[in-house]
Amino acid sequence: MTSGDVKQLVWGAILLALAACVPLVANGYWMSIALTIAMFTVLSTSWALFSGPTHYISLATAAFFGVGGFLVGTGMSDYNTDYWTMVVIASLAGTVLAFLVGLATLRLSGVYFVIFTLGLAEMIRTLVSWIQNNFTGSRGLYVLTDLGEADIYIHLVLVAALVYLAGWWIARSRLGFAMRIIGNDEMVARHVGINTAFSKVILFTFSGFVASLVGALIAPRYTYIEPNGVFSPELSFIVVIMALLGGTGRLWGPIVGVIPFALLQEYINANYSNYSTLVLGIAFLVIVYFLPHGVLGRLEETWAKRRRSTW
Amino acid sequence: MVETSLVLAVQNVTKRFGGLVAVNNLSFDVSRNEVMGIIGPNGSGKTTMMNLISGALALNEGTISLNGRYISRLSSHEINRRGIARTFQLVRILPSLTLLENAMAGMVFGHQRLWGEQARHEASKLLERVGLGGQQSVPATALTYIDQKRLELARALAAKPEVLLLDEWLAGLNPTELQEGIDLIHSLRDEGITIILVEHVMDAIRSLCDRCLVMAAGAKIAEGRPQEVLSDPEVIKVYLGEDI
Numbered sequence: 000m001t002s003g004d005v006k007q008l009v010w011g012a013i014l015l016a017l018a019a020c021v022p023l024v025a026n027g028y029w030m031s032i033a034l035t036i037a038m039f040t041v042l043s044t045s046w047a048l049f050s051g052p053t054h055y056i057s058l059a060t061a062a063f064f065g066v067g068g069f070l071v072g073t074g075m076s077d078y079n080t081d082y083w084t085m086v087v088i089a090s091l092a093g094t095v096l097a098f099l100v101g102l103a104t105l106r107l108s109g110v111y112f113v114i115f116t117l118g119l120a121e122m123i124r125t126l127v128s129w130i131q132n133n134f135t136g137s138r139g140l141y142v143l144t145d146l147g148e149a150d151i152y153i154h155l156v157l158v159a160a161l162v163y164l165a166g167w168w169i170a171r172s173r174l175g176f177a178m179r180i181i182g183n184d185e186m187v188a189r190h191v192g193i194n195t196a197f198s199k200v201i202l203f204t205f206s207g208f209v210a211s212l213v214g215a216l217i218a219p220r221y222t223y224i225e226p227n228g229v230f231s232p233e234l235s236f237i238v239v240i241m242a243l244l245g246g247t248g249r250l251w252g253p254i255v256g257v258i259p260f261a262l263l264q265e266y267i268n269a270n271y272s273n274y275s276t277l278v279l280g281i282a283f284l285v286i287v288y289f290l291p292h293g294v295l296g297r298l299e300e301t302w303a304k305r306r307r308s309t310w
Numbered sequence: 000m001v002e003t004s005l006v007l008a009v010q011n012v013t014k015r016f017g018g019l020v021a022v023n024n025l026s027f028d029v030s031r032n033e034v035m036g037i038i039g040p041n042g043s044g045k046t047t048m049m050n051l052i053s054g055a056l057a058l059n060e061g062t063i064s065l066n067g068r069y070i071s072r073l074s075s076h077e078i079n080r081r082g083i084a085r086t087f088q089l090v091r092i093l094p095s096l097t098l099l100e101n102a103m104a105g106m107v108f109g110h111q112r113l114w115g116e117q118a119r120h121e122a123s124k125l126l127e128r129v130g131l132g133g134q135q136s137v138p139a140t141a142l143t144y145i146d147q148k149r150l151e152l153a154r155a156l157a158a159k160p161e162v163l164l165l166d167e168w169l170a171g172l173n174p175t176e177l178q179e180g181i182d183l184i185h186s187l188r189d190e191g192i193t194i195i196l197v198e199h200v201m202d203a204i205r206s207l208c209d210r211c212l213v214m215a216a217g218a219k220i221a222e223g224r225p226q227e228v229l230s231d232p233e234v235i236k237v238y239l240g241e242d243i
């Protein structure tokens with residue numbers, strides 16, 4: 000480890016500690032926004048660990064997130080299982096699912112991968128609704144705990160710490176280097192001895208694990224779990240848009256997109272709630288046309304240009 | 000144990016793309032430290048043969064073995080780890096990485112592995128060797144076509160392969176660069192690397208190859224020393240057409 004590496008770890012720890020202090024100062028309204036931001040920070044950052052270097056755009060986040068929330072709801076309502084036991088079971092189930100999906104999608108690339116992941120999330124949502132309607136009765140699933148928003152927020156900050164630490168490690172590991180090579184040219188990657196399938200599945204599984212863990216941890220916030228809600232495809236799109244808006248080139252890129260976009264969404268939902276989908280669409284167009292490498296990528300380009308012109 | 004000099008054995012290999020037979024029942028052997036040329040008109044199956052050896056394509060029939068062990072059912076990353084490295088006919092560099100990272104890419108996962116400071120050190124020596132010294136942190140996209148070819152060679156050499164596949168690596172070089180390229184390949188051979196090259200540049204074939212194989216329409220039509228093969232009437236016919 001170089002001194003630069005250690006410095007990054009120290010800075011990361013300080014910022015996370017500060018983030019953990021938010022509940023001390025925030026009131027109910029801002030606590031709720033902070034919770035949303037924490038949730039999307041974890042989702043977008045872990046999404047970018049896989050999709051950033053490889054450019055495989057996954058729209059399956061909602062599938063794993065939904066499995067997390069739905070299993071916690073089912074376990075607690077139908078089987079009287081304890082909340083924390085269900086968090087463990089739900090995130091394990093999400094991990095296994097992500098592993099299987101990763102294996103199944105190995106041969107797909109580009110737009111086929113995108114469509115498959117979107118279709119998969121929808122299929123799981125429909126399947127779960129169908130099972131619920133036909134076999135388990137259409138009873139609602141309740142997640143009743145004594146956890147408040149501040150508690151859930153702290154849990155998510157801890158998961159964020161885990162994700163950032165994992166990302167920091169991956170960037171310095173052979174796995175991270177392999178992912179960058181795969182993102183550049185998968186054919187070359189195979190021909191320099193990289194087991195591309197293995198590397199991709201490992202990272203895809205990790206991001207699936209994180210998404211299902213977040214789904215499970217956030218469940219107490221909603222109290223009432225409904226498949227159409229937790230498996231909502233909009234969640235997958237928002238995660239992608241936030242990560243791309245910030246920039247996936249760096250570990251802390253996604254949060255640069257998450258914070259402004261979450262605030263914007265909050266404002267739109269409060270004032271013009273009919274237009275929230277429209278805002279999603281416009282944001283997507285803006286990113287594709289004007290910020291292909293995200294806000295951070297744009298800043299870095301400008302910075303590099305300025306340095307060159309002062310020579 | 001007596002050291003066998005046979006490194007690569009291709010036996011009765013056939014590759015079909017639908018109804019087209021790209022490689023037809025081809026067999027040849029390559030001995031240790033040999034430079035073997037594969038020549039033939041365009042579309043005769045040379046690059047397909049390279050792709051079959053490196054595992055980029057799966058063969059339909061036949062076997063390929065490296066040091067007596069079958070590699071023809073392995074995937075390309077496994078074949079690379081056994082010690083076969085290659086360059087591509089259409090240069091494939093890693094555009095978003097620096098030159099140093101491009102060279103390192105070849106040595107982190109392959110045949111002989113290095114990582115960290117040691118890998119950086121070896122990679123910079125390799126860049127020096129192929130003529131790209133002092134440009135380690137330059138992005139690979141900044142290179143000219145010829146320098147990209149050098150970079151690709153550095154990446155292929157990075158894991159100290161036993162067998163190196165060069166797919167038209169000398170194509171498009173000017174006379175000075177061609178001579179440098181030929182000298183470089185000579186020096187690789189002196190280090191004990193076995194080389195199979197697909198080439199159209201006849202001067203290179205004559206000065207580099209111990210043996211060459213001539214392909215036409217997927218089949219072998221001649222094999223032997225370059226001088227003999229290139230004066231074979233059959234070979235002249237496929238290259239220049241029939242006498243009228």
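Protein sequences appear in the order of chains A and B.
Here the first sequence stands for residues 0 to 310, numbered as in numbering that gives the first Met the number 0.
Here the second sequence stands for residues 0 to 243, numbered as in numbering that gives the first Met the number 0.
We put the CB at the ideal spot given by N, CA and C, even for glycine.
Keep in mind that this is a model prediction, so the values were computed, not measured.
Cβ of Gln7 (chain A) within 8 Å of Cβ of Trp167 (chain A)? For Gln7 (chain A) and Trp167 (chain A), yes; Cβs fall inside 8 Å.
Is it buried or exposed for Arg220 (chain A), if we count other Cβ within 10 angstroms and need 16 for buried? Buried, because 16 or more other Cβ atoms sit within 10 Å of the Cβ of Arg220 (chain A).
Between the CA atoms of Gly248 (chain A) and Trp310 (chain A) - distance to the nearest angstrom: Low confidence applies to Trp310 (chain A): its pLDDT is 48, below 50, so where it sits in the model is not reliable enough to give any reading.
Out of curiosity, what's the CA-to-CA distance linking Asp231 (chain B) and Leu105 (chain A)? Near 48 Å, if we compare the C-alpha coordinates of Leu105 (chain A) and Asp231 (chain B).
Cβ closer than 8 Å: which chain A residues qualify as neighbours of Leu96 (chain B)? Residues of chain A whose Cβ lies closer than 8 Å to the Cβ of Leu96 (chain B) are, in chain order, Arg179, Ile180 and Asn183.
Less than 7 Å between C-beta atoms, sequence neighbours within five positions excluded: which residues of the same chain meet that for Ile92 (chain B)? Closer than 7 Å at the Cβ level, and outside the excluded window around Ile92 (chain B), lie Asn101, Ala139, Gln147, Leu150 and Glu151.
Using a Cβ-Cβ cut-off of 8 Å, state whether His120 (chain B) counts as contacting chain A. No, because no Cβ of chain A sits closer than 8 Å to the Cβ of His120 (chain B).
Span separating the alpha-carbon of Val1 (chain B) from that of Leu165 (chain B): Residue placement at Val1 (chain B) is poorly supported in this model, since its pLDDT is 44, which falls under 50; the coordinates still yield a value, given next. Looking at the two C-alpha atoms, the distance is approximately 29 Å.
Three CB pairs or more closer than 8 Å across the stretch 232–248 of chain A and the stretch 42–59 of chain A: By the Cβ test, the stretch 232–248 of chain A is in contact with the stretch 42–59 of chain A, since at least three Cβ pairs between them sit closer than 8 Å.
According to DSSP, is Gly248 (chain A) part of a helix, a strand, or is it coil? Per DSSP, reduced to three states, the secondary structure at Gly248 (chain A) is coil, with no helix or strand assignment.
Is it right to say Gln134 (chain B) is buried, meaning 16 or more other beta carbons lie within 10 angstroms of its own, or is it exposed? Looking at its Cβ environment, which holds 16 or more other Cβ atoms inside 10 Å, Gln134 (chain B) is buried.
Tell me, please, whether the CB atom of Arg249 (chain A) is closer than 8 Å to any CB atom in chain B? No, Arg249 (chain A) lies away from the interface with chain B (no Cβ there is under 8 Å from its Cβ).
Please identify the residue among A:Gly74, A:Phe98, A:Leu119 and A:Leu250 whose C-alpha is closest to the C-alpha of Val87 (chain A). In terms of CA proximity to Val87 (chain A), A:Gly74 leads the group A:Gly74, A:Phe98, A:Leu119 and A:Leu250.
Going along the chain, which unbroken runs of the beta strand (DSSP E) with 3 or more residues stay wholly within the stretch 103–172 of chain B? DSSP runs (the beta strand (DSSP E)) wholly in the stretch 103–172 of chain B: 162–166.
Inter-stretch contact (C-beta, 8 Å, three-pair minimum) for the stretch 67–80 of chain B and the stretch 38–46 of chain B: The stretch 67–80 of chain B vs the stretch 38–46 of chain B: no contact.
Identify whether Gln178 (chain B) lies in helix, strand or coil by the three-state DSSP scheme. Gln178 (chain B) sits in a helix when the DSSP states are folded into three classes.
Measure the Cβ-Cβ separation of Val162 (chain B) and Ile63 (chain B) and say whether it is below 8 Å. Contact flag unset, no.
Can you pull the DSSP bridge partners for Tyr152 (chain A)? In the DSSP output, where bridge partners are listed per residue, Tyr152 (chain A) has none listed.
Separation of Gly296 (chain A) from Arg224 (chain B), as counted between CA atoms: Rounded to whole angstroms, Arg224 (chain B) and Gly296 (chain A) show a C-alpha spacing of 55 Å.
Should Glu77 (chain B) be listed as close to the ligand PLP, given that the test is whether its C-beta is under 7 Å from any heavy atom? Of the ligands one can find in the structure shown there are none, so the ligand PLP has no counterpart to examine.
8 Å Cβ cut-off: residues of chain B touching Ile54 (chain A): Per the sequence presented here, residue 54 (chain A) reads as His, with Ile not at that position. By Cβ distance, chain B contributes nothing, its closest Cβ being about 10 Å from His54 (chain A), past 8 Å.
Nearest-angstrom Cα separation, counted from Ala92 (chain A) out to Glu33 (chain B): Rounded to the nearest whole angstrom, the CA to CA distance from Glu33 (chain B) to Ala92 (chain A) is 54 Å.
Ala84 (chain B) - partner residues in DSSP beta bridges: Note: Ala84 (chain B) is bridge-paired with B:Leu163 in the DSSP secondary-structure output.
Contacts around Thr276 (chain A), its chain only, beta-carbon distance under 8 Å, and the 5 residues preceding and following it disregarded: Its chain contains Glu233 as the residues whose beta carbon lies nearer than 8 Å to that of Thr276 (chain A), once the 5 sequence neighbours on both sides are disregarded; these appear in chain order.
In its own chain, which residues sit with a C-beta less than 8 Å from the C-beta of Ile180 (chain A), not counting the 5 before and 5 after it? The beta carbon of Ile180 (chain A) sits closer than 8 Å to the beta carbons of Val187, Ala188, Val191 and Ile193 from its chain, once the five residues preceding and following it are set aside; these are given in chain order.
If you draw a straight line from the alpha carbon of Ile254 (chain A) to that of Ser76 (chain A), how long is it in whole angstroms? Rounded to whole angstroms, Ile254 (chain A) to Ser76 (chain A) spans 34 Å at the Cα level.
Thr94 (chain A) (DSSP reduced to helix, strand or coil): Three-state DSSP puts Thr94 (chain A) in a helix.
Counting pairs of Cβ atoms below 8 Å between the stretch 207–221 of chain A and the stretch 255–272 of chain A, do you hit three or more? Output reads no: the stretch 255–272 of chain A does not touch the stretch 207–221 of chain A.
Closest Cβ-Cβ distance between Arg149 (chain B) and chain A: below 8 Å? In terms of beta-carbon proximity, Arg149 (chain B) stays away from the interface with chain A, with every pair separated by 8 Å or more.
Can you tell me whether DSSP reads Arg68 (chain B) as helix, strand or coil? Reduced to three states, the DSSP call for Arg68 (chain B) is strand.
Secondary structure of Leu196 (chain B), DSSP reduced to three states: The three-state secondary structure of Leu196 (chain B), taken from DSSP, is strand.
Can you check DSSP and say which residues form a bridge with Ser30 (chain B)? According to DSSP, which records beta bridges pairwise, Ser30 (chain B) is partnered with B:Leu5.
Best match in A:Ser2, A:Leu15 and A:Asp150 for proximity to Leu164 (chain A) [C-alpha to C-alpha]: Of A:Ser2, A:Leu15 and A:Asp150, the residue nearest in Cα terms is A:Leu15.
Closest Cα partner of Ile114 (chain A) within the set A:Ser235, A:Ala177, A:Asn79 and A:Leu279: Selected option, being the one with the closest Cα: A:Ser235.
Cross-chain neighbours of Thr301 (chain A) in chain B, by beta carbon under 9 Å: In chain order: nothing, as chain B lies at least about 17 Å away.
Thinking C-alpha only, which one of B:Thr86, B:Lys219, B:Glu227 and B:Ala215 is nearest Gly240 (chain B)? The residue with the shortest Cα to Cα distance from Gly240 (chain B) is B:Ala215.
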